[in-house]
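For the sequence shown, position 211 matches number 211 in my numbering, and the numbering has no gaps at all.
Each residue gets a CB set at the ideal place from its N, CA and C atoms; glycine is no exception.
Given the structure is predicted, the values throughout are model-derived calculations rather than measurements.
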Amino acid sequence: MDSARRRRPGPSAPLRAVQYIRMSTDHQEYSPVFQRQAIAEYAAANHFRIVRDYEDAGISGLTLRERPALVQLLLDVDDPQRRFNTVLVYDVSRWGRFQDVDEAAFYEYACRRSGVNVVYVAEPFDNDGSPATSVLKALKRAMAAEFSREMSRKVFLGHCLNVERGFHSGGPPPYGLCRVLLDAGHQARRPLKPYEYKSVQTDRVVIAPAPGAEPAIVRKIYEWYATKAVSATAIARRLNDFGICNRFGRPWQGQNITNILQNEIYIGTNVYSRTTSKLTARWERVPQCDWIRVPDAFEAIVDKRIFAAVQQKMERARRKPTRDELLDGLRAIVRRCGKVDQATLNHYRSGPSVKQVMHEFGSLYEAYSAIGYTPNLGPERSGNRATERRLEEQIADITMEVLRSRGHAVRYEKHTDTLCVDGGLRFKLVVRGPWLVHSYVPYWVARWPDCFPIDFLLYGRLERGSSQLLDFHIFPRGSLVPGAYAVIHRYGHSHFEAYRHPDLSFLLDLTASIPLEGLDRMTKSGDRS
C-alpha cells in the first residue's frame with residue numbers, strides 16, 4: 001500500500017546523478033572543492049540532483065588500478081538497482097589520463113552501454129554522441145595523456161639536474177649511509193629518518209656516513225673481501241656469527257654483501273636511473289651506459305683503491321675460466337700439494353672450483369686424465385674404477401648401435417658419459433661398484449649431475465670385485481635431487497625399487513612406443529609444473 005501511494009517523480013522532478021571527483025595537484029583549478037563547485041553549478045542549471053559522490057584521493061589518473069572510487073562507480077553502473085542515470089565529471093582529464101586513449105573511451109562506453117550518460121561539465125561540447133563530439137573527446141583524451149608524458153619527462157629531467165648538482169634523488173640509502181636535510185643555504189639541518197621526507201621546497205637532501213658503527217662495518221666487509229680468500233656468503237656468515245644484523249634487524253645474506261661490494265656510492269659516486277618505470281610501465285633495468293654517475297658527490301667511506309681491487313676480484317669470479325686455465329689451475333695445485341682431489345679444490349679458493357671442473361670435463365677423473373694425474377685410489381679401488389670405465393664404454397656402444405638400428409640419431413659425449421638421442425633427449429650412463437658398511441653390507445651411491453642437464457640417469461650396479469652387472473636403475477628427471485648423493489641398498493631395501501630393471505630393454509621399449517621428441521616435451525613440461 002505504501003509503495004502504491006508513493007508519488008512517482010513527475011516531469012519537473014530533478015534528474016538523479018552522481019559526481020566523480022579526482023584530486024590533482026598539478027593545477028589549483030582541479031582541487032576537489034573547485035570541481036564540486038563547478039559540478040554543483042552545472043547540476044543546478046540543468047535540473048540534476050546529486051545523490052552520491054565518488055572521489056579518488058590519489059593524484060594519478062594513469063591507470064584504473066589505484067582508483068577505487070572509479071572502480072566502484074563502474075560496478076554500480078552495472079547494478080540494475082542503481083538510482084541514477086548520469087555521471088557528472090569536471091572534464092575529460094578528470095576521467096583519466098590513460099596512456100591508451102581507447103581505455104578512457106571504453107570505460108565511458110561501459111557506462112553508456114548500461115544506460116548511464118557521462119557528462120563533462122567544463123567541456124565546450126555536449127556529450128551527445130555526434131561525430132564532432134567524438135572527435136573532440138578523442139583529442140582531449142590524447143591531450144590529457146600527452147600532458148602526463150610531458151610532466152613525467154620534466155620531473156625526470158629535474159631529478160637528473162639535482163643529481164648532477166650533488167643532491168640525492170631516489171630511495172633509501174644503503175647500509176652505512178644516511179640522508180641529511182640541507183636548507184636553501186646548503187647548511188645541514190638534521191638527518192632524515194626512514195620514510196621521512198623534506199617538507200620545504202627549497203630544501204635539499206644529500207648522503208652522508210651514518211652515525212654509529214655501520215660505516216666501519218662496511219669498510220671491514222671490503223677489507224675482508226679484498227684481502228682474504230672469502231666469498232660474499234662467507235662474509236655474511238661471519239657477520240651473523242658476530243651477532244651483527246643488517247639495518248632491518250635481520251641476518252645477513254650473501255646477496256646483501258654482494259650489493260654492498262658493488263655499490264659505487266661507498267666511494268662517493270652518486271648513481272641515478274639504474275631502473276625505470278615511467279608512466280606505470282613495468283620496472284626494468286637501465287643499461288649501465290645510460291646510468292647517471294656523478295663522482296665525488298658525497299663523502300666516501302671506502303678507499304677507491306680497495307673498491308677497485310674488490311671490483312677486479314669480483315670480475316674474475318664472474319668470468320668463466322677457459323679449459324686451459326682450468327688445467328693450469330689443477331697443475332698448480334698438484335705442484336703445491338702433491339695431490340688434487342675434491343677436498344683440495346674446495347680448500348684452495350684461488351684455484352678452479354669443483355663445479356667449474358665438473359661442468360667443463362664432466363667428472364674429476366676426466367680432468368685428472370687431461371693433466372696426466374693418477375689419483376691414489378689404492379690397488380683395489382683403481383682396478384674397480386678401470387672396470388667401471390670399460391663397462392660404461394661397452395654399454396654405451398651397444399646402446400647406440402641398437403638405437404641407431406631403430407632409426408634414432410645418437411651421439412655419445414665421452415667427457416660427460418652422455419647419450420644424446422635425436423638431438424634432444426640426454427641419457428647419463430654410470431656404472432659403479434658398491435661400498436661396504438661394517439666391511440660386509442654393500443650399498444651403492446648415485447648422484448644426479450648439477451653441472452650439465454640430462455633427462456635420465458642410467459645407473460648400472462656391479463657386484464663387488466666383479467665385472468658382473470647386477471641390474472640397472474633408470475632415474476627420470478626429478479626423481480633425484482641434483483648434486484645430492486642417494487644411497488641404493490640391496491633388493492627390497494631401497495626407496496628406488498620402482499626404478500630398478502634387470503637390463504636396459506625397458507629403455508628400448510620406451511623409445512619404441514613413444515617418440516623421443518614427445519618424451520622430451522613431456523619431461524620438460526613436468527619440470528615446469
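**Asked** Does the beta-carbon of PHE248 have 16 or more other beta-carbons within 10 angstroms, so that it is buried, or is it exposed?
**Response** PHE248 counts as exposed, since fewer than 16 other C-beta atoms from the protein chains shown sit within 10 angstroms of its C-beta.
**Message:** Would TRP252 and LEU239 qualify as a contact pair, given that the criterion is a beta-carbon distance under 8 angstroms?
**Reply:** Yes, Cβ-Cβ distance for TRP252 and LEU239 is below 8 angstroms.
**DSSP state of THR133 mapped onto helix, strand, coil** = Collapsing the DSSP output to three states places THR133 in a helix.
**Asked** By Cβ distance below 8 angstroms, which residues in the same chain neighbour ALA142 in space, the five residues on each side in sequence not counted?
**Response** Within its own chain, the residues whose Cβ lies closer than 8 angstroms to the Cβ of ALA142, once the five positions on either side in sequence are excluded, are VAL101, listed in chain order.
**Prompt:** Any idea if ALA226 is buried or exposed, counting beta-carbon neighbours within 10 angstroms, 16 or more meaning buried?
**Reply:** When all chains shown are included, ALA226 counts as buried.
**Prompt:** Whole-angstrom Cβ separation of HIS415 and GLY362, contact assumed at under 8 angstroms?
**Reply:** Right, the Cβ-Cβ distance comes to about 4 angstroms (below 8 angstroms), so this counts as a contact.
**Item:** Three-pair Cβ contact test at 8 angstroms for the region 165-181 versus the region 191-207
**Value:** Between the region 165-181 and the region 191-207 there are three or more inter-stretch CB-CB distances shorter than 8 angstroms, so the stretches are counted as touching.
**Request:** Measure the alpha-carbon distance for ILE21 versus CYS160 and round it to whole angstroms.
**Result:** Computed Cα separation, rounded: 33 angstroms.
**alpha helix (DSSP H) segment containing GLU315, residue limits** = Following the DSSP letters along the chain, one finds GLU315 inside the alpha helix (DSSP H) bounded by residues 304-318.
**Message:** Going by beta-carbon coordinates alone, are ARG49 and ARG16 separated by less than 8 angstroms?
**Reply:** A distance below 8 angstroms separates the beta carbons of ARG49 and ARG16.
**Request:** Whole angstroms is fine: what's the gap from LYS154's alpha carbon to ALA38's?
**Result:** One C-alpha to the other measures close to 30 angstroms.
**Message:** If you follow the beta strand (DSSP E) that PRO215 is in, where does it begin and where does it stop?
**Reply:** Bounds of any beta strand (DSSP E) do not take in PRO215; it lies within the alpha helix (DSSP H) bounded by 214-227.
**Asked** Comparing alpha-carbon positions, which option in SER467, GLY483 and PHE472 lies nearest PRO449?
**Response** When each option's Cα is compared against that of PRO449, the closest is GLY483.
**Request:** Pick out whichever of SER350, LYS193, PHE242 and PHE167 has its Cα sitting closest to the Cα of GLN187.
**Result:** Closest in C-alpha terms to GLN187, from the list SER350, LYS193, PHE242 and PHE167, comes PHE167.
**Prompt:** Sorted by chain position, which residues of the same chain lie with C-beta nearer than 7 angstroms to HIS489's C-beta, five sequence neighbours on each side aside?
**Reply:** Only TYR443 meet the Cβ criterion.
**Asked** With C-beta atoms as the reference, is ARG67 less than 8 angstroms away from ASP79?
**Response** In this structure, ASP79 does not lie closer than 8 angstroms to ARG67 by Cβ.
**Message:** Just verifying my parser: in three-state terms, what is the DSSP assignment at TRP95?
**Reply:** Residue state, collapsed to three classes: helix.
**Request:** Could you pull out every residue in the same chain whose Cβ sits closer than 8 angstroms to the Cβ of TRP435, ignoring the five residues on either side in sequence?
**Result:** Taken in chain order, the residues that qualify are PRO442, TYR443, TRP444 and VAL445.
**Request:** Locate the alpha helix (DSSP H) running through GLU41, then write down its first and last residues.
**Result:** In the DSSP assignment, GLU41 falls within the alpha helix (DSSP H) that extends over 32-45.
**Prompt:** Applying the criterion that 16 or more other CB atoms from any shown protein chain within 10 Å of the CB defines a buried residue, is LEU403 buried or exposed?
**Reply:** Answer is buried; the Cβ neighbour count reaches 16.
**Distance, GLY185 Cα to SER148 Cα** = For SER148 and GLY185, the gap between their C-alpha atoms comes out near 32 angstroms.
**Request:** Answer with buried or exposed for GLN19, where buried requires no fewer than 16 other C-beta atoms within 10 angstroms of its C-beta.
**Result:** With 16 or more other Cβ atoms from the protein chains shown falling within 10 Å of its own Cβ, GLN19 counts as buried.
**Asked** Do you know how far the Cα of PRO14 is from the Cα of VAL118?
**Response** Those two C-alpha atoms are separated by around 17 angstroms.
**Asked** Which partner residues of GLN19 appear in the DSSP bridge assignment?
**Response** ASP53 and LEU88.
**Prompt:** Which whole-angstrom value describes the C-beta separation of CYS111 and VAL77, a residue pair presumed to lie in contact below a C-beta threshold of 8 angstroms?
**Reply:** For a cut-off of 8 angstroms, the C-beta gap from CYS111 to VAL77 is around 5 angstroms, short enough to register as a contact.
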